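This note's numbering puts the sequence shown at residues 19 to 404. For each residue, glycine too, the CB sits at the ideal point set by N, CA and C. Quantities reported herein were computed from a predicted structural model and do not represent experimental measurements. Inspection log for the structure reproduced underneath, given as C-alpha cells.
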Amino acid sequence: MAGSIIFSYNPRRTMKTGPFSLLIKPASADCNFTCEYCFYLCKKNLYPRVKTPRMTPEVLETLIRSYMETGQPVCSFGWQGGEPLLMGADFFKEAVRLQQAHGRQGARVHNGLQTNGSLLTPELARHLREFNFLTGISVDGPGDLHDRYRKTSGGTGTYTQVIRGLELLREAGAEVNVLTLVSAANADQPLKVFRHLVEDLGLRYLQFIPCVEFSPEGLRPWSITAGQWGVFLNTVFDEWQVRWRRRVSVRNFDAVLHLLAEGRSVSCDHGTDCREYLVVEHNGDVYPCDFFVKPELKLGNILTHSWEEMRSSPLYAAFGALKLAARAECAGCPYWKICAGDCVKHRGRDTAAAPEKSLLCAGYKAFYHHTLPAFMQLAHTVRRQS
Numbered sequence: 019m020a021g022s023i024i025f026s027y028n029p030r031r032t033m034k035t036g037p038f039s040l041l042i043k044p045a046s047a048d049c050n051f052t053c054e055y056c057f058y059l060c061k062k063n064l065y066p067r068v069k070t071p072r073m074t075p076e077v078l079e080t081l082i083r084s085y086m087e088t089g090q091p092v093c094s095f096g097w098q099g100g101e102p103l104l105m106g107a108d109f110f111k112e113a114v115r116l117q118q119a120h121g122r123q124g125a126r127v128h129n130g131l132q133t134n135g136s137l138l139t140p141e142l143a144r145h146l147r148e149f150n151f152l153t154g155i156s157v158d159g160p161g162d163l164h165d166r167y168r169k170t171s172g173g174t175g176t177y178t179q180v181i182r183g184l185e186l187l188r189e190a191g192a193e194v195n196v197l198t199l200v201s202a203a204n205a206d207q208p209l210k211v212f213r214h215l216v217e218d219l220g221l222r223y224l225q226f227i228p229c230v231e232f233s234p235e236g237l238r239p240w241s242i243t244a245g246q247w248g249v250f251l252n253t254v255f256d257e258w259q260v261r262w263r264r265r266v267s268v269r270n271f272d273a274v275l276h277l278l279a280e281g282r283s284v285s286c287d288h289g290t291d292c293r294e295y296l297v298v299e300h301n302g303d304v305y306p307c308d309f310f311v312k313p314e315l316k317l318g319n320i321l322t323h324s325w326e327e328m329r330s331s332p333l334y335a336a337f338g339a340l341k342l343a344a345r346a347e348c349a350g351c352p353y354w355k356i357c358a359g360d361c362v363k364h365r366g367r368d369t370a371a372a373p374e375k376s377l378l379c380a381g382y383k384a385f386y387h388h389t390l391p392a393f394m395q396l397a398h399t400v401r402r403q404s
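Right, here's the structure in full:
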C-alpha cells in the first residue's frame with residue numbers, strides 16, 4: 019500500500035508487538051452488487067439481527083487508536099467488504115483524521131481500499147489521492163466475461179459502472195491496481211483477460227485470484243480446476259515476460275520473484291504461518307482471516323480485548339499452524355519452499371480442518387515447472403543490481 023503520514027510522538031502510547039496488518043469490513047458483507055460467486059455475502063448470517071451493518075464512530079476510533087498504539091513502524095489498514103464505500107466519503111475522511119490524531123513521530127500509515135468502484139464520486143476519488151490510498155478495483159476482463167458473475171441485485175451487468183469508477187480515480191490521479199478473480203467465466207481466456215486489462219484499459223498493476231468455492235456437495239460451478247489455473251498463469255506469464263515485464267506489475271509474479279531474490283515472502287500464500295493480518299468486522303469482532311470469518315474462530319472484539327490478547331490466544335496459534343499441515347503430503351516436492359502448501363482455503367470444504375494439499379496443487383506445479391528457469395534468471399539480476 020502506498021503513501022505515508024508523519025505524526026506527533028507520545029511515548030506513553032507505545033507498546034511492543036510483532037508486525038501485523040488489518041483487513042477491515044466497515045459495512046460487513048453488505049454490498050450494492052450481488053456477485054454470484056462472492057464468498058463473503060453469506061457472512062450476513064453472522065449478524066442476522068443487523069439489517070444495515072455499519073461501523074460506529076466508537077468502533078472506528080477504538081480500532082485506529084489501539085492499532086496505532088502497538089508501536090509498529092508501519093500501520094497498514096485495508097478497507098474491504100462487502101462494499102466499503104457504502105460507508106460514504108465522510109467515514110474515510112474521519113478515518114484519516116483519527117490516523118493523524120493517534121500517530122507517532124516516524125511512523126507510517128498505509129491505506130488500501132478494495133472496491134467495486136460503482137460508488138466512487140469525484141470528491142471521494144480526490145480524497146483517496148490526497149491521502150495516498152492504494153485503491154483496488156475488481157475487473158474480471160472485458161464486459162462479456164466480467165458481467166457473467168458480477169451483477170447488481172437486479173441481475174444486470176456491472177462492467178460499465180466499474181469502469182466509470184476506474185476513470186474517476188484516474189482523473190483524480192489516485193493510485194490504482196486491479197484485482198481479477200479467475201473463475202469459470204474467464205479461466206479459459208487468459209490472453210483475452212490480460213490484454214484487455216493492459217492494452218484496452220491501460221492498467222499497470224494487476225493481481226489474479228483463483229476462484230475456489232465449496233458447497234456441501236463439492237466445488238461450486240464458478241470454481242476453477244487446477245489445470246485451468248496452471249494454464250491461465252503460464253499463458254499470462256509468457257505474454258508478460260515477452261511483451262510487458264518492464265511495464266506491468268503482476269503481483270502473482272512479483273511475489274515469486276521477491277521470494278527467490280530476497281528469501282522472504284510478501285504474500286500470505288507463500289508464507290508458512292497464517293498470522294500475517296487480522297480481520298475486523300463492522301462491530302469490532304476480530305477473526306484470523308477473511309476466508310475464515312466463522313463464530314468458532316472469533317478471537318475477540320476490539321472494544322473488550324487488546325490486540326496482544328487476541329494475537330497470543332491458543333486459537334490464533336492453532337490457526338497459524340494450519341499452513342504447515344500439508345507438509346507431510348508435500349515432502350520432497352521441489353516447489354514446497356515457494357508455494358508453502360498454498361492458501362489453506364484451497365485445501366478443504368470451507369473448514370479450518372485442512373486436508374493434506376491444495377486443490378490447485380497440480381496447477382501450481384505446472385506453473386513453477388514452466389516459469390522457474392525464467393524466475394531464477396530474474397532473481398539473479400535483481401540480486402546483482404541491489
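Start-to-end residues for the alpha helix (DSSP H) that takes in residue i
i       : result
Val-260 : Counting along the chain, Val-260 falls outside any alpha helix (DSSP H), and DSSP gives it neither H nor E.
Asp-272 : 269-280
Trp-354 : 354-357
Trp-325 : 325-329
Cys-379 : 379-403
Gly-350 : Careful: Gly-350 lies outside any alpha helix (DSSP H) and carries neither H nor E.
Tyr-334 : 332-339
Lys-210 : 208-213
Asp-108 : 107-119
Rounded C-alpha distance that separates residue i from residue j
i       : j       : result
Glu-54  : Ser-233 : 13 Å
Ile-320 : Leu-138 : 29 Å
Ser-39  : Thr-399 : 30 Å
Cys-357 : Cys-292 : 13 Å
Gly-381 : Cys-351 : 14 Å
Gly-161 : Gly-183 : 15 Å
His-164 : Val-211 : 9 Å
Tyr-203 : Arg-166 : A small correction: the amino acid at residue 203 is Ala; Tyr does not occupy that position in the sequence shown. If you take the alpha carbons of Ala-203 and Arg-166, they lie about 6 Å apart.
Ala-98  : His-300 : Per the sequence shown, residue 98 should be read as Gln rather than Ala. Roughly 11 Å between the two C-alpha positions.
Gly-338 : Gln-90  : 21 Å
Ala-349 : Cys-379 : 13 Å
Ala-336 : Leu-377 : 22 Å
Ser-171 : Ala-279 : 45 Å
Glu-74  : Leu-104 : Note on residue identity: the sequence assigns Thr, not Glu, to residue 74. Going from the Cα of Thr-74 to the Cα of Leu-104 covers about 13 Å.
Lys-312 : Val-268 : 31 Å
Endpoints, beta strand (DSSP E) assigned at residue i
i       : result
Tyr-305 : 303-305
Val-284 : No beta strand (DSSP E) contains Val-284, which DSSP labels as neither H nor E.
Val-92  : 92-97
In DSSP terms, what residue i is bridged to
i       : result
Gly-132 : It is Gln, not Gly, that sits at residue 132 in the sequence shown. Beta-bridge pairing links Gln-132 to Gly-154.
Phe-226 : Thr-198
Tyr-295 : Ser-39
Arg-72  : In the DSSP output, where bridge partners are listed per residue, Arg-72 has none listed.
Glu-193 : Leu-152
Leu-237 : Phe-232
Gly-161 : DSSP, once it has assigned bridges, lists no residue as partnering Gly-161.
Lys-1   : In the structure as shown, the chain begins at 19 and stops at 404. Residue 1 is therefore absent and cannot be evaluated.
Thr-170 : Phe-51
Asn-319 : Asp-303
Other residues of its chain near residue i: CB distance less than 6 Å, five sequence neighbours each side excluded
i       : result
Pro-208 : Phe-250, Thr-253, Val-254
Phe-309 : Lys-363
Leu-142 : Ala-107
Cβ-based neighbour list, residue i, same chain, cut-off 8 Å, excluding 5 preceding and 5 following
i       : result
Ser-324 : Ser-84
Thr-80  : Gly-302, Ile-320, Leu-321
Val-284 : Asp-272, Ala-273, His-276, Leu-277
Chain B contact for residue i (CB, 7 Å cutoff)
i       : result
Glu-299 : Structure shown: chain B not included; a single protein chain is present.
Outcome for residue i when other beta-carbon atoms lying within 10 angstroms are tallied against a minimum of 16
i       : result
Lys-341 : buried
His-288 : buried
Met-86  : buried
Asn-134 : buried
Met-394 : exposed
Ser-46  : buried
Val-406 : Given that the chain is displayed from residue 19 to residue 404, the structure contains no residue 406 and the question cannot be resolved.
Lys-43  : buried
Arg-265 : exposed
Any non-hydrogen atom of the ligand NAD closer than 6 Å to residue i Cβ
i      : result
Thr-52 : As far as ligands go, the structure on display features none, and thus does not contain the ligand NAD.
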